[in-house]
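Residue numbers (the working numbering), protein chains in the order written: chain A, 27 to 251; chain B, 27 to 251. Before any comments, here is the structure.
2 protein chains.
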Amino acid sequence: MNPTSRHRSTRDRPAKAPLSQDAVVDAALAILKSEGLEAVTMRRVAAALDTGAASLYVYVSGREGLLRAMQDRTIATIELETPDPSRWRAQLHSLLERMHRALVAHPGIAATAMANPPTTEAALLLQENLLAILLAGGLDPQDAAWAADIFAALVTYAAIEADVRRADRQELGDELYELFAGLPPGRFPLVTAHAAQLVAGSGDERFHFAIDVVLDGMLARAARR
Amino acid sequence: MNPTSRHRSTRDRPAKAPLSQDAVVDAALAILKSEGLEAVTMRRVAAALDTGAASLYVYVSGREGLLRAMQDRTIATIELETPDPSRWRAQLHSLLERMHRALVAHPGIAATAMANPPTTEAALLLQENLLAILLAGGLDPQDAAWAADIFAALVTYAAIEADVRRADRQELGDELYELFAGLPPGRFPLVTAHAAQLVAGSGDERFHFAIDVVLDGMLARAARR
DNA sequence: CGTTCGTCACGAACAGTGTACGTCACGGAC
DNA sequence: GTCCGTGACGTACACTGTTCGTGACGAACG
């Protein structure tokens, strides 16, 4: 062994190309935001960094790994709450709303998050925070754990739905209403009759409504017990 | 115009190759079940039908259209309920369970269903049936409509989760438990403390629990109103 | 019966994709 | 001044989805 620290690379400051995992992920996220998930290809990301596709494989283990890294970075940007038992319900809505927004801001990430549920540090901290708020609200641990799971489902579902709606701007409600209302009432009596209710509310309204429903259900079951 | 009906094809029974949309979708679903979604490529499906990839484009508008057709076919196989107000809650569980199973039986279809929410006849009939059961349970139309949406989220989420768990058989609970329990308790006090609760219950148990929670929440809100 | 014609399936080709390998230049260490 | 490891690059491969032109088959018409 050499007495001097030799673990450091011989080239601490690559004078020419400042390539790094962060740079790769940044470039990929930029392309994701501006051109969508399908445009995030290895060659495209490499071109944005003025290099070749092969160079990315040093910092990222393939496209799959790149997507995971992007997903992790996105989750890491979500601001957490410091649990306060007197405002726990509002805090829950705030946290979930920020999760929702972070996913919506990066179209396609929500779908990726479903495909491989994240167990990275950022995701675990988020889970920790979510649990803390629910426990501060008085839920018993088992209910809190399962509730956290349900909320994760609702957030990602809402985010994916928002992604889709942005993709084809057409069916922004009116289109969907006319589709429902214009169906043959013989075969679809309820869908046609309640078309207005089916398309009622914005995505955010439905999202927060769902959160409250789950919470009330949890509390009702706890009270009954 | 010719007096005789000329709209019919000159070749009603292609004696040699019995190719059709159904045949294509059948072959694709078979590959999906046995080898997963990624193996469903145009060439692979065509090879199973002993033909070339180009031939598929007559019956299916590209890969996207093929996936839509597969998704529609899958939904169409779900058996519906004839609503009975005295057993509506059990009927809801049964219907959602069948939806869940149908999606799980075809890995990847759930993810596709999220990407483009289906508005085909089969999907609408399912929506109609779901609404009928909820209305039979006494929910008012607006609550029923939004509840249907939440249930759709839960079903697809659970299905995707099941797909993932099957893909990497490793983390079947024990692995996940050890991951949670083995974290540094300083940074993750709640996750480590309640690791058992976080991984408790099978997928089915959590699924049906979530359904009941949402229902109870709906009923509690309705009663309070 | 011979010809024509429409329909369908096929082979080949194109533009991309993710990924692996061999090579080259650079900058610090001896 | 020489050496050598490190990181970036160009190329190549095996794929992908999709399109186009060709060819053959069977039925309809004269």
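Using N, Cα and C, we set each Cβ at its ideal position, and we do this for glycine too.
A residue is called buried when at least 16 other Cβ atoms come within 10 angstroms of its Cβ; Pro-211 of chain A does not meet this threshold and is exposed. The C-beta distance from Asn-155 of chain B to Leu-106 of chain B rounds to 4 Å, short enough to fall under 8 Å. Residues of the same chain with a CB within less than 8 Å of the CB of Gln-47 of chain A, apart from the 5 flanking positions on each side, are Tyr-85, Val-86, Ala-95 in chain order.
By the beta-carbon neighbour count (other beta carbons within 10 angstroms, threshold 16), Thr-138 of chain A is buried. Val-130 of chain A and Asp-230 of chain A have their C-alpha atoms spaced approximately 12 Å apart.
The straight-line gap separating the alpha-carbon atoms of Arg-192 of chain A and Asn-142 of chain B is approximately 12 Å. Between the beta-carbon of Asp-189 of chain B and that of Gly-134 of chain B there is about 7 Å, and that keeps the pair under the 8 Å contact cut. In the three-state reduction of the DSSP assignment, Arg-250 of chain B falls in the helix class, which pools H, G and I. For Ala-80 of chain A, there is no enclosing alpha helix (DSSP H), as DSSP marks it with neither H nor E. Contact of Gly-88 of chain B with chain A is not assigned, every C-beta pair being separated by 8 Å or more.
The C-beta distance from Leu-224 of chain B to Ala-171 of chain A rounds to 5 Å, short enough to meet the 8 Å contact threshold. Judged by beta-carbon spacing, Arg-69 of chain A lies within the 8 Å limit of Ala-79 of chain A, meaning their Cβ atoms are closer than that value. Looking at A:Val-239, A:Asp-238, A:Glu-201, A:Ile-159, the one whose alpha-carbon comes closest to that of Pro-111 of chain A is A:Ile-159. By a beta-carbon distance limit of 8 Å, Phe-233 of chain B contacts Leu-180 of chain B. Their separation comes to about 7 Å. Pro-143 of chain B reaches chain A at Val-190, counting residues in chain order whose Cβ is nearer than 7 Å. In this structure, the alpha-carbon of Arg-115 of chain B lies about 36 Å from that of Ile-57 of chain B. Thr-103 of chain B counts as exposed, since fewer than 16 other C-beta atoms from the protein chains shown sit within 10 angstroms of its C-beta. As the crow flies, the alpha-carbon of Val-51 of chain A is around 26 Å from that of Glu-187 of chain B. For Tyr-203 of chain B, the uninterrupted alpha helix (DSSP H) run begins and ends at 200-207, by DSSP.
Leu-150, Gln-153, Glu-154, Leu-157, Ala-158: these are the residues of the stretch 147-159 of chain A whose beta carbon lies less than 7 Å from some beta carbon of chain B, given in chain order.
Between Ala-128 of chain A and Thr-100 of chain A, the C-beta spacing is below 8 Å. Using a Cβ distance threshold of 8 Å, Ala-221 of chain B and Tyr-203 of chain B count as a contacting pair. In the three-state DSSP reduction, Ser-46 of chain B falls in the coil class, being neither helix nor strand. Taking a beta-carbon distance threshold of 8 Å, Ile-135 of chain B does not count as an interface residue toward chain A. The beta carbon of Asp-242 of chain A falls within 8 Å of a beta carbon belonging to chain B, placing the residue at that interface. Close partners of Phe-214 of chain B in chain A (Cβ separation under 8 Å): Leu-150, Leu-151, Glu-154. Ala-185 of chain B and Leu-92 of chain B have their C-alpha atoms roughly 20 Å apart. Val-86 of chain B sits in coil when the DSSP states are folded into three classes, being neither helix nor strand. In the structure shown, Phe-177 of chain A falls within a helical segment according to DSSP collapsed to helix, strand and coil. Against chain A, the beta carbon of Pro-167 of chain B has neighbours under 7 Å at His-220, Gln-223, listed in chain order. In this chain, the alpha helix (DSSP H) harbouring Ala-141 of chain B covers 135-141. Taking the Cα positions, Ala-49 of chain B is about 51 Å away from Ala-249 of chain B. For Thr-146 of chain B, same chain residues with a beta-carbon under 6 Å away, outside a window of 5 residues either side, are Asp-98 in chain order. Thr-182 of chain B sits buried, since 16 or more C-beta atoms from the chains shown fall within 10 Å of its C-beta.
A Cβ-Cβ separation of about 7 Å places Lys-59 of chain B in contact with His-132 of chain B under the 8 Å criterion. From the listed residues B:Glu-201, B:Phe-177, B:Val-239, the smallest Cα separation to Arg-124 of chain B is found for B:Phe-177.
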